[in-house]
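**Student:** With this note's numbering applied, the sequence shown covers 952 to 1047.
All C-beta atoms in this analysis are idealised placements derived from N, C-alpha and C, irrespective of residue type, glycine included.
Owing to the predicted nature of the structure, the values given are computational and were not obtained by experimental measurement.
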Amino acid sequence: MNAAEAPVLGDAEWNRYRARVVAALTDVEADMQQRGYGLSSEGLTLEVAERLPVGVATVEDFQVLEALVKALRPIAREAVRATREDHGGQFALLLV
952 MNAAEAPVLG
962 DAEWNRYRAR
972 VVAALTDVEA
982 DMQQRGYGLS
992 SEGLTLEVAE
1002 RLPVGVATVE
1012 DFQVLEALVK
1022 ALRPIAREAV
1032 RATREDHGGQ
1042 FALLLV
């Protein structure tokens, strides 16, 4: 499935798709923080696309996924912060 064909707000699969994007985004954020790297929104979008079965074959696909990544990034950062706080600074990184 390409990003432009992904569920949108109001679709029956929207919540599940959004949760998968948040999970992938959280993994990327945690990985980058552990390594001391930062990513632009473009790089982050491509990393998320790799972790999801979502294609970014066209400019429209990329723009759709990038907009979602930008909107969900604060949620992912909060999840990383909360996990670090709950585990005393430790974050388990699961490599797939």
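(1) Below 8 angstroms between beta carbons: does that hold for residue 954 and residue 1007?
(2) Note down, one range per segment and in chain order, each beta strand (DSSP E) of at least 3 residues found wholly within the region 981-1027.
(3) Looking at C-alpha atoms only, which residue of 974, 999, 1016, 993 is the closest neighbour of residue 958?
(4) Please tell me whether residue 1020 and residue 992 are closer than 8 angstroms, where the distance is taken between their beta carbons.
(5) Between the alpha carbons of residue 994 and residue 1023, how many angstroms are there, rounded?
(6) Within 10 angstroms of the Cβ of residue 978, are there 16 or more other Cβ atoms? Answer buried if so, exposed if not.
(7) Looking at C-alpha atoms only, which residue of 990, 1013, 988, 989 is the closest neighbour of residue 1000?
**Tutor:** In short, the structure shows the following:
(1) It is a contact, given that the beta carbons lie within the stated cut-off.
(2) none
(3) Of the listed residues, the one whose Cα sits closest to residue 958 is 1016.
(4) yes
(5) 15 angstroms
(6) buried
(7) For residue 1000, the nearest C-alpha among the options comes from 1013.
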